[in-house]
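S.K.:
Chains as they are written, first to last, in this note's numbering: chain A, 1 to 491; chain B, 492 to 1278.
(1) Against chain A, with Cβ distances strictly below 8 Å, would residue 681 of chain B count as a contact?
(2) Quick one: list the residues of chain B neighbouring residue 395 of chain A, beta-carbon separation under 9 Å, in chain order.
(3) Which of the three DSSP states, helix, strand or coil, is assigned to residue 874 of chain B?
(4) If I measure Cβ to Cβ from residue 1023 of chain B and keep anything under 6 Å in the same chain, skipping five residues before and after, which residues do I get?
(5) How many Å lie between residue 476 of chain A and residue 67 of chain A at the Cα?
(6) Could you tell me whether the segment 184-193 of chain A touches the segment 122-140 of chain A, where touching means 3 or more Cβ pairs closer than 8 Å?
(7) Helix or strand or just coil, what does DSSP make of residue 487 of chain A?
(8) Comparing alpha-carbon positions, which option in B:548, B:536, B:626, B:1233 lies nearest residue 556 of chain B?
(9) List the DSSP bridge partners of residue 915 of chain B.
(10) So the alpha helix (DSSP H) residue 166 of chain A belongs to, where does it begin and stop?
(11) Given 8 Å as the limit, is there contact between the segment 1037-1044 of chain B and the segment 1237-1244 of chain B, that is, 3 or more CB pairs closer than that?
(12) Verify the CB distance criterion: does residue 470 of chain A have a CB-CB separation below 8 Å to chain B?
(13) Using a Cβ-Cβ distance under 8 Å, would residue 1282 of chain B count as near chain A?
(14) Which residues does DSSP pair with residue 259 of chain A in a beta bridge?
(15) Give me the DSSP bridge partner(s) of residue 45 of chain A.
(16) Would you list, in sequence order, the uninterrupted beta strand (DSSP E) runs of no fewer than 3 residues that lie entirely inside the segment 908-957 of chain B?
(17) Work out the CA separation of residue 594 of chain B and residue 572 of chain B for me, nearest whole Å.
(18) Compare the C-beta of residue 153 of chain A with all C-beta atoms of chain B and state if any pair is closer than 8 Å.
(19) How would you label residue 1209 of chain B, buried or exposed, when you count the other beta carbons within 10 angstroms and need 16 or more for buried?
(20) On the DSSP bridge list, what partners appear for residue 764 of chain B?
(21) Can you list, in chain order, the residues of its chain with a C-beta nearer than 6 Å to that of residue 309 of chain A? Leave out the 5 residues immediately preceding and following it.
(22) By the DSSP assignment, the alpha helix (DSSP H) with residue 756 of chain B in it spans what residues?
(23) Just the chain B side, please: which residues come within less than 7 Å of residue 327 of chain A by C-beta, in chain order?
(24) Give me, in chain order, the residues of the same chain whose beta-carbon lies closer than 7 Å to that of residue 596 of chain B; leave out the 5 immediate sequence neighbours on both sides.
(25) Under 9 Å between beta-carbons, which chain A residues line up against residue 1160 of chain B? List them in chain order, please.
(26) So that I know if they touch, is there some Cβ in chain A lying closer than 8 Å to that of residue 581 of chain B?
(27) Quick test of the definition: if touching needs 3 or more C-beta pairs under 8 Å, does the segment 136-149 of chain A touch the segment 167-175 of chain A?
(28) Could you list the residues in the segment 1181-1205 of chain B with a C-beta less than 8 Å from some C-beta on chain A, going in chain order?
(29) Going by Cα to Cα distance, which pick from A:441, A:363, A:111, A:13 is closest to residue 270 of chain A?
(30) Quick one: which chain B residues come within Cβ less than 7 Å of residue 131 of chain A?
(31) Quick check on this structure: which residue in B:779, B:1202, B:1136 has the alpha carbon closest to the alpha carbon of residue 634 of chain B?
(32) Give me the residue from A:99, A:199, A:221 with the minimum Cα distance to residue 171 of chain A.
(33) Indicate whether at least one CB of chain B lies closer than 8 Å to the CB of residue 47 of chain A.
(34) Give the interface partners of residue 495 of chain A over in chain B, defined as CB-CB distance under 7 Å, in chain order.
(35) If we cut at 8 Å on Cβ distances, does residue 1164 of chain B have a partner in chain A?
(36) Taking 8 Å as the cut-off, does the segment 928-940 of chain B touch the segment 476-485 of chain A (at least 3 CB pairs, one atom from each stretch)?
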C-alpha cells in the first residue's frame, strides 16, 4: 500500500496551503469565501451553469502546467491536491495597474451590475493565456459557461478582442512564474495517498490507479468523483452525503489518450477538453459536439468516463460512441473485462457495473475511410444546454450503393442511450436514397416512446429525432446547400 | 478613481460632466472582485443563517407541521413560523394583505415559504429545513390560465378597461376581421445575485437591514409592518445589487422581513441568501399572458378597430399584478393609432408564485399583442408587415392630426417613430435584404431565412402618480469634495454614475470630486423603487435641485463677500469666476464654511403634468415616450426548429443621452434580455404546479453565442426629450427590451416561408426550437388543405 498523508496540499494564489480538516463535500467556493474571505469569487447558481464562481486551476499534465477555468461551486477541495488555484484577487498588472484583462473590461464597458464579472475575467484570462488573439468563435466558446444578464455580451466581446493591446500574455505573472509554480507543484507530488477524516466525513485521494482499484474493491459503496460536474450537484442541490469520497481526477494513470490499430482508447479520467484535440482530429464530427457539452468550465472538469459511468439517458457521449461501436473496459481490483458500450446501459439508473468495479477506459474505433458518421444535438439553447434529443449515425455503404452497415443511437429518447433498431432494420440492405430514408423514418415510433418534460414534449422529440435521419441523409449526399444552421459561418 | 488629484483650474470642461461617455463608477471594482455585494460584507461576529422550508404542494391547508426534527438538527438555533411574526404577517406591496411572510394555515403555491430555520451556518440551516414533516390537505390547484374564464374566474385585483370610440361597431363595420388568441410566456429575472439580506439588530426596536432591494423605502416600510414597529426604527441600505430587472422591486421584502424578525428575536445578526433553485421557485417573475384579440381593418391594412383581452397569470397574490396588467393595456397600441379600441385586463389568480415587476412591467407584453395584430393584418392583405406598421403609426410630432390619441386618451405629442424607422430601414438595408432572403429561401430546401423590423414606443412615468417623486441629499465638505446620495438604487444600470455626472455638472467640478454613496432610508426618506425606467429622470432631477440650492448659497455668498452682482458669479470648471477674479471651487467652499454657509441640501422632484384616473381609463399617464426600432434576420432549420440570429440593427432614442456608453449598454443588454424572453427562456410547470425550470441548467437565458452574428446598435444623435427632463435625456432602462420582438417576428417570417407567406404563422412565445418546428408543421398542414 502507498504511503498516506492526512492533508491536501495546493497553492492558493501565491501561498502554499496544507489542510488537514477538509470535509469530502467541502467546495472550493465556500472555502474561498467563508474560510479565506476571498469574496471576489461569487455564487450565482451553485450548479456549474453560470460561471460567476469561475477560478483558474493550474495542474501538471503531459504538456506541463496548464491553467483551466473551472467552477469553484462544484469543485471539491479534495480534488485540488497538487494544483494551483488562482482567484480574481491574484490578477495584477504592472505596479498598481489593473491586469490587461481587467483594464480591457473596464474600458469597453464590459460590466454593468458586476456580479458575473469576476467569473468573466477568469474565463477570459484563461483564454488569453492560451490564445492571445482569439477569434469570435474562440471567445464565444470560452464564455459558454458564463452568464451575464446585463450587458448582452457585446461589450464583453469587444473587451475580449482588445486584451492583447493592453499587455502581452507572455509577460503575464502566471507565465513568468511558470517554472517556479511547476517546481512547487512537483514538490507537492509525493506519491502518497491522501486520507482525511472518518465515517460521514471521509475523503481519499488514491496514490495511483492501482491504489484506487484496491480501495474501491474494499469500499464498494464509496462515491467516485472525477470531474464532480454531476456529483457536485448531489451536494449543493440535494445535500446528499457522499462519504467516503474517492477523488480520481488527478490520477495520471486515468488521464491518457492513445490510439492503436484505428481504435482510440480514452481513460476514464480524461476531460472533454483533454480529449477534444484527438477526437476532433480523428473523428471530426465529434469536435462540434464536444464543443456544445456544458460550458468551458464543465468541459475542463467533466470526464468522458464520468459521462458514461453515471448512466444518464441524456449524456451526450454515449450515443455517438455506441454508433461508432465503442467498447468499455471495466476494472475491479486487478480483474478487467471489456464489453460493448451499448450493453453497459441496462435500464434507467442501472448499469452493468458490479460493486467495487469502475469504468477504466473506453475504446472508440475511428470510422473507416468511406464510411459516414455524424452526430446532431438538439437543444433549446444552442450552447451549454442539455439534450432534448441527440442522434448519432454511422453508415457504411456497399459498392452498389446499398446500406452495408448502419448504427443509429439516440439520447433523450428513452430511459437509456438507445439504438434505433427498427429504423436500422428498415435501412440495411436498401439503396441509400431519400425514398429509403423516408420509409425508415416511419419506423421511429417502434423504437422510441419519448417523454414530455421541461426540455421538450414527446411530440417534438419524436418529430425532431425522425428528421435528423433526413438531415443525415442530406449530409451524406455531400450537398453544398446548408442543411443545418451554423453559428460560426457568416451569414 | 476618486484619487484626489489637484483639480485642473485651467480646464475648459470638467472631467465627467453630463453627455460624456463615462465608465461605470464601479467598473474597476467589478473587474477586480472588490465591489462589495450584500453577501460579501464582513458578517458581525455570531451571525446566524437562514434556510427556508418550502411548500411541496401547490394548494392546500396545513394539516400538521412537525418541526421537531428540524429544531434538533445540528447547528439549529431557532425555527420561525408565522407565529413568530410580531407585527402583521404580510408583505403585500399593494396593501392587499395577501402576501404572508410565512404561510399561515394554508399554502397557495409550490415553493411557498412555510418556516425559516435559523442556524449557525447556512449549510446547517438548509440541511435542517429538509427534515420537516408537513401534512397537507390538498385542494384543487389552478396552474395555467389558458383555459380560465377571463370574466368569471378568480382575479387577484380589479381589472382595467380602456376604451375609445366604439370598437365593437368599428370591427363589425370593417371590411375585414380577424379574431384569435396568442400565448406569451413569462420570464425569470435571473439576476446573477440572488435574493439576500443581512439584518443587524440595534437598540430598542431598531434594526438595520442590508438588502439587495430596488425599493429600500418599501422594504423599510414592510419590514416595520411585519415587526410591528414604526418605520423610523428600520433602516434599509444597499450599495449595489448584482442585477435587479424588477425582481427586487417587491420580491426582496419577504427575505428582508424574515431576516429582521429573526435578528430581533434572537438579538444576533441574521443573514438570508436564497439558493438559486429556491430563488427561482419562491420569488415572482414576469407575467405570462394569454392575449385575445379581434381586429377590423380595410383592404389596405388600415386598422379600424381592435378589441383586446390581456389575461395574465398573477399567481396567488396581487403583488404588482394590477399595475402590470394596466401597463400591458397602456402598450396594447405600441406605436399604432387605433381609431376605435376596447382593451381589458384579466389579472387571474393561480396557484403559482406571485408574479411581479420585470423590466417593462407588462408593457412589452402589451406590445407583443399589438405586433401580432399587425402580423395578422399583413398576412390577410398580403403585404410586408413593415408596410402595415408604417401605415398605422401615430402622427409624427411635426404633423399632429387626428391620429394621435392613445387608448387612454393621452395625446402623443412627441412621436418620432417614422424618422427612426426610416433611418433604420436605410441603415439596415431592409429592402435589399428582403429581396435576397426571398431568393435564398426559394433555393434552400431546409434552411429558411426571415427578416423583421419592429418599432417601440414606451411610456415613461409610474402610472401610480405618487411614485413619481424623488429625493436627494448632497453635502459639500469644507475641502470642496462632495457627498452625493439619492433615493435611487444601483443594479448595474449606471444610475449613480449618471446622477453624479449631473451633480458634477451643476457645481462644475470633476466627476471624481463627487462621492457615490450607498442608498439608505436614513438619508433620503419615502423614495420610490428604482423602477419604471425612472431612476435617472427622478433622482437626477432631485440631486440637481439639491446641488442648485447649495450653488445658490455659494453664489449669494460670493456676490456678498466680493461685492459683485450675482450674474458675475459664474461656475467654471473647478473654479468660480467672481467679477474679475477666479477662485478655486475648493477655496470658495472653504470660505463659505468659515462664514457659516450651509453646505448641505436635500433636493426634491416631482414629475409635472401627469395624472391618471383609473376608474375612467383617462389621463396624461406618461410624461413622455421613448422610441426605437430593431431589425433582425434569422436562419431557421425547418427539420428541427433550431435557429440562429444572423444580424440585428437597432436605432434607439435616449434623448440627449447623459452618458452614451452607459445607454448603449442598456440597449444592447435590453435587447438580448428581450430576445431571451421571446426565444429560449421557457418557464415550465409540471401538473403538480412545481416549476421544473428552476435553475440555469433548465432555464436558458442567452449566452454570448446567442448574440446576433452581426449586431449594430446606435443611439439617435438628433433626438431630445420633448419635455424638460434632466438635461433633455430620456429613460433607457426598459424601452430597449421589446426590441427582442424583432427576433420573434423574424422567426415568424422564416416560418411563414414554408407556406409561401400566405398564412400567418401565429408563432407564440417563447419561440423555442420546439415552437418554431411545430409552427412549421402546422403551416405545412394548413397549406396542404384544399382552399
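Beta carbons are placed, not taken as given, at the ideal position from N, Cα and C, and that holds for glycine.
All of these numbers come straight from a predicted model, not from anything done at the bench.
M.R.: Reading off the structure:
(1) Here the question's residue 681 of chain B lines up with position 190 in the second chain. With 8 Å as the cut-off, residue 681 of chain B counts as an interface residue toward chain A.
(2) Here the question's residue 395 of chain A lines up with position 395 in the first chain. In chain order: nothing, as chain B lies at least about 18 Å away.
(3) Your numbering for residue 874 of chain B matches position 383 in the second chain. If DSSP states are grouped into helix, strand and coil, residue 874 of chain B belongs with coil.
(4) Working through the second chain from its first residue, we reach residue 1023 of chain B at position 532. Result list for residue 1023 of chain B: 953, in chain order.
(5) Sequence index remark: in the first chain, residue 476 of chain A carries index 476 (1-based). Sequence index remark: in the first chain, residue 67 of chain A carries index 67 (1-based). Near 39 Å, if we compare the C-alpha coordinates of residue 67 of chain A and residue 476 of chain A.
(6) no
(7) For the purposes of this step, residue 487 of chain A is identified with residue 487 of the first chain, where counting begins at 1. In this structure, residue 487 of chain A counts as coil in the three-state DSSP scheme.
(8) Locating residue 556 of chain B in the second chain gives position 65, counting from the first residue. Checked all of B:548, B:536, B:626, B:1233; the closest Cα to residue 556 of chain B is B:626.
(9) Translated into the one-based positions of the second chain, residue 915 of chain B becomes position 424. Partner(s): none; residue 915 of chain B has no beta bridge.
(10) On the first chain, residue 166 of chain A is found 166 positions in, with the first residue counted as 1. Note, residue 166 of chain A: premise wrong, no alpha helix (DSSP H); not H, not E.
(11) no
(12) Indexing the first chain from 1 puts residue 470 of chain A at position 470. So, interface residue.
(13) Residue 1282 of chain B lies beyond the residue range present for chain B, which begins at 492 and ends at 1278; the question has no answer from this structure.
(14) Numbered from its first residue, the first chain carries residue 259 of chain A at position 259. Its beta-bridge partners are A:264.
(15) Within the first chain, residue 45 of chain A is the residue found at index 45, counting from 1. In DSSP, residue 45 of chain A forms no bridge with anything.
(16) 938-951
(17) Here residue 572 of chain B refers to the residue found at position 81 when the second chain is read from its first residue. Here residue 594 of chain B refers to the residue found at position 103 when the second chain is read from its first residue. Roughly 8 Å between the two C-alpha positions.
(18) Numbered from its first residue, the first chain carries residue 153 of chain A at position 153. So yes, residue 153 of chain A belongs to the interface.
(19) Counted from its first residue, the second chain places residue 1209 of chain B at position 718. Answer is exposed; the Cβ neighbour count stays below 16.
(20) Looking up residue 764 of chain B in the second chain gives position 273. Answer is B:687, bridged to residue 764 of chain B.
(21) Residue 309 of chain A sits at position 309 when you count from the first residue of the first chain. Same-chain partners within the cutoff: 359.
(22) The sequence position of residue 756 of chain B within the second chain is 265, counting from 1. First-last of the alpha helix (DSSP H) with residue 756 of chain B: 743-757.
(23) Within the first chain, residue 327 of chain A is the residue found at index 327, counting from 1. None at all; the shortest Cβ gap to chain B is about 31 Å.
(24) Here residue 596 of chain B is taken as the residue at index 105 of the second chain, counted from 1. Answer for residue 596 of chain B: 552, 553, listed in chain order.
(25) For the purposes of this step, residue 1160 of chain B is taken as residue 669 along the second chain, with counting starting at 1. Those are 112, 148, 149, 150, 151, 152, 153, 154, 155, listed as they occur along chain A.
(26) By 1-based counting over the second chain, the position of residue 581 of chain B is 90. No, because no Cβ of chain A sits closer than 8 Å to the Cβ of residue 581 of chain B.
(27) no
(28) 1183, 1184, 1186, 1187, 1188, 1189, 1191, 1192, 1193, 1194, 1195, 1196, 1197, 1198, 1200, 1201, 1202, 1204
(29) Counted from its first residue, the first chain places residue 270 of chain A at position 270. When only C-alpha atoms are compared, the closest one is A:363.
(30) Position 131 of the first chain, counting from 1, holds the residue named residue 131 of chain A. Those within 7 Å of residue 131 of chain A in chain B number zero; the least Cβ separation is about 15 Å.
(31) The residue you call residue 634 of chain B lines up with position 143 of the second chain. When only C-alpha atoms are compared, the closest one is B:779.
(32) Position 171 of the first chain, counting from 1, holds the residue named residue 171 of chain A. Ranking A:99, A:199, A:221 by Cα distance to residue 171 of chain A puts A:99 first.
(33) Here residue 47 of chain A refers to the residue found at position 47 when the first chain is read from its first residue. Output row for residue 47 of chain A: interface = yes.
(34) Beyond the ends of chain A as shown, which are 1 and 491, falls residue 495 of chain A; an answer cannot be given.
(35) Along the second chain, one-based indexing puts residue 1164 of chain B at 673. Closer than 8 Å: yes.
(36) yes
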